[in-house]
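The structure appears right after this line, and notes come after that.
What follows is the structure in structure tokens.
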């Protein structure tokens, strides 16, 4: 019989199927197993429709056989099988799907979960094989047929023999080349790993003969004899079939979740939180998510890749679907299984559609809800979580122009000057004084450093709580939030802390005017536009000076931005040197302005450098500062 040509026009089209659509050639096994599962589903469905009694799901199976010597890999199923016409139309026409037709014709029927849609998965077999042979006998038919092809040149269909209905697909695995080794697809352990990776939750057992070893029994062995082992073969079921996420929560014990997480995501520690949800309606899906108890070593590096495993009807489609998680929740591990998603033709990637966005949005809300529950009901565990991932939440609130700030603001925590431990912003507001207008915060590289800042003295005197920000992103985060529950965030170094009475403000304004010439002279003496102004302040108590900033860029932000990789250290806040209006140093400076302008210049520069040191900022000329101190120490005047 003359060889028949593919109806889908061309060698070029089949080459496209084989070489361009699929990213990983190992996908062929997933596709063939999915086709076998669909065939069994059709057989079972028709049996129910026809009233065939005594037939149950556990009578079906998919089997895999390997012949290393002949380089043959065979997949068999006892599903619906195919007639000669089916072989012609479904295998002879590329991109025609019998599963899709079946699904369309039975759209209103329940319990139909057909995986195949596009009719190209079968041809992925040619990525790893020189020849594909299909022997199939349709349910209810007396004869079997063989379809065989070596690629795009065409195919043959001939009568064949098969004892029962179903399909056998035999691949003649390619020989190795210098670039590629195809032997892996003749290795039972590699095949088992691929089944468990992509098809572990196919609802029918996938079985294969595996070679194993055991201790050889020897009744005559002596105590000092070395143990002997023998090999034997055993039919092993490779897949677990029933996904843990499709079981009801009452069926699954906490230790089952923990074990699944550690095995699936290669962690040595139980998860801090398990989120198991099942949703129907606009988007139907099952989700099993885990919040890890610790951060991976590479979590805060560019090497870390976020994403959830994505399954379509129990078949793994993507190992890391990044679009299901916002960056702020990138620490979450887990999976989503849905039959509603639109996949591309290779089923390796998603078409970005409405369903995907709906699922991602619901997962986002669910994760926040679980974290809030942990915060409110298990504070110790939440603080342990926050130690690992709080930084990511802060970056999330700040990033994307604050797109997620409302989602995250209730989850944020900062060190409290009053409580001497982490506190939420809501807890801070609950403790605010009746006359307190702002949520005050201070920045520094440690709690100890912040506690010693001169700018915090007056606030502490009034018993106003201060949030201590010790991480680089903290102030950016609060600046992006701007306010919480109507209360504005205010840095202790901001221009106006609103701590003085109207009388105190008027007094300070008068003294500022009286010292105007002195302060202008000091600004000039500091030189080179290093400060925007020198002014008097009431924010200090015992310290003589401090450094603050005008405008939106704070001193802490200046430090962070200039420390970034590639920064040119040219970002400058609008610095202001503030002098304690009630400190004896002001009288000394006034006297020097009247009697010794040269020494005033030295004092001005020294006080500016002192303020830089207090803020933890680099001293521009440490040698000059050292000389100034020494000159003042030996000055006898």
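Residue numbers (the numbering used here): 306 to 942.
Don't be surprised by glycine CBs; every beta carbon is placed ideally from N, CA and C.
Everything numeric in this text was worked out from a predicted model, so none of it was measured.
N-terminal and C-terminal residue of the beta strand (DSSP E) that residue i is part of
i, result
"residue 364", "Careful: residue 364 lies outside any beta strand (DSSP E) and carries neither H nor E."
"residue 342", "Residue 342 -> not in any beta strand (DSSP E); alpha helix (DSSP H) instead, spanning 332–354."
"residue 643", "638–643"
"residue 744", "743–748"
"residue 246", "Residue numbering for the chain in the displayed model covers 306 to 942; residue 246 lies beyond these limits and cannot be assessed."
"residue 731", "Note, residue 731: premise wrong, no beta strand (DSSP E); alpha helix (DSSP H) at 730–735."
"residue 838", "838–842"
"residue 987", "This structure does not reach residue 987, given that the chain is present from 306 up to 942, and the question cannot be answered."
CA-to-CA distance, residue j to residue i, given in whole angstroms
i, j, result
"residue 581", "residue 487", "39 Å"
"residue 739", "residue 799", "21 Å"
"residue 596", "residue 687", "11 Å"
"residue 662", "residue 690", "27 Å"
"residue 415", "residue 469", "At residue 415, the pLDDT of 45 sits below 50, so the modelled position is not reliable and the matter cannot be decided from this model."
"residue 646", "residue 508", "19 Å"
"residue 735", "residue 744", "11 Å"
"residue 827", "residue 933", "16 Å"
"residue 821", "residue 789", "38 Å"
"residue 495", "residue 528", "38 Å"
"residue 797", "residue 893", "27 Å"
"residue 710", "residue 875", "29 Å"
"residue 485", "residue 432", "11 Å"
"residue 644", "residue 803", "59 Å"
"residue 598", "residue 752", "25 Å"
"residue 373", "residue 538", "15 Å"
"residue 879", "residue 849", "20 Å"
"residue 461", "residue 308", "5 Å"
"residue 947", "residue 923", "Because the chain in this structure spans residues 306 to 942, residue 947 falls outside the shown range and cannot be described."
"residue 594", "residue 639", "4 Å"
"residue 515", "residue 501", "15 Å"
"residue 588", "residue 730", "35 Å"
For residue i, three-class secondary structure by DSSP
i, result
"residue 936", "helix"
"residue 388", "coil"
"residue 408", "In this prediction, residue 408 scores a pLDDT of 47, lower than 50, which makes its location untrustworthy; no coordinate-derived value is stated."
"residue 497", "helix"
"residue 677", "helix"
"residue 308", "coil"
"residue 559", "helix"
"residue 724", "coil"
"residue 464", "strand"
"residue 422", "Confidence at residue 422 is low in this model, with a pLDDT of 43, below 50, so its placement is unreliable and the value that follows should be read with caution. Coil."
"residue 718", "strand"
"residue 778", "coil"
"residue 711", "helix"
"residue 705", "helix"
"residue 442", "strand"
"residue 573", "coil"
"residue 586", "coil"
"residue 507", "coil"
"residue 794", "strand"
"residue 431", "helix"
"residue 531", "coil"
"residue 925", "coil"
Own chain, CB closer than 7 Å to residue i, minus 5 neighbours either side, in chain order
i, result
"residue 382", "341, 344, 345, 367, 471 and 472"
"residue 435", "455, 477 and 479"
"residue 523", "533"
Cut-off 6 Å between Cβ atoms - residues of its own chain near residue i, not counting five sequence neighbours on either side
i, result
"residue 772", "719 and 746"
"residue 842", "883"
"residue 370", "379"
"residue 626", "612, 613 and 615"
Residue range of the unbroken alpha helix (DSSP H) whose run includes residue i
i, result
"residue 481", "No alpha helix (DSSP H) contains residue 481, which DSSP labels as neither H nor E."
"residue 828", "821–831"
"residue 763", "762–766"
"residue 866", "860–868"
"residue 876", "Per DSSP, residue 876 belongs to no alpha helix (DSSP H) and is neither H nor E."
"residue 898", "890–900"
"residue 255", "Past the edges of the chain, shown from 306 to 942, lies residue 255, and the structure says nothing about it."
Residue i: CB within 7 Å of a non-hydrogen atom of the ligand HEM
i, result
"residue 498", "Ligands displayed in this structure: none; no statement on the ligand HEM is therefore possible."
Same chain only: Cβ atoms within 8 Å of residue i, ignoring 5 sequence neighbours per side
i, result
"residue 761", "722, 747, 755, 771 and 797"
"residue 727", "688, 691, 718, 719, 720 and 721"
"residue 787", "793 and 794"
Checklist entry - So does the region 537–554 actually touch the region 595–612, counting three or more Cβ pairs closer than 8 Å? => result Judged by Cβ distances under 8 Å, the region 537–554 makes no contact with the region 595–612, as fewer than three pairs qualify.
- prompt: Taking contact to mean at least 3 C-beta pairs separated by less than 8 Å, is the region 706–723 in contact with the region 756–773?
  reply: As far as the Cβ criterion goes, the region 706–723 touches the region 756–773, which means the pair count is three or higher.
| With a cut-off of 8 Å, do at least 3 Cβ pairs link the region 700–709 to the region 612–630? | As far as the Cβ criterion goes, the region 700–709 does not touch the region 612–630, which means the pair count is below three.
contact_flag[the region 624–636, the region 665–683] where n(CB pairs < 8 Å) is 3 or more:
Yes, they touch.
key: Cβ contact (3+ pairs, closer than 8 Å) linking the region 574–593 and the region 668–687   = In this structure the region 574–593 touches the region 668–687; the number of beta carbon pairs closer than 8 Å is three or more.
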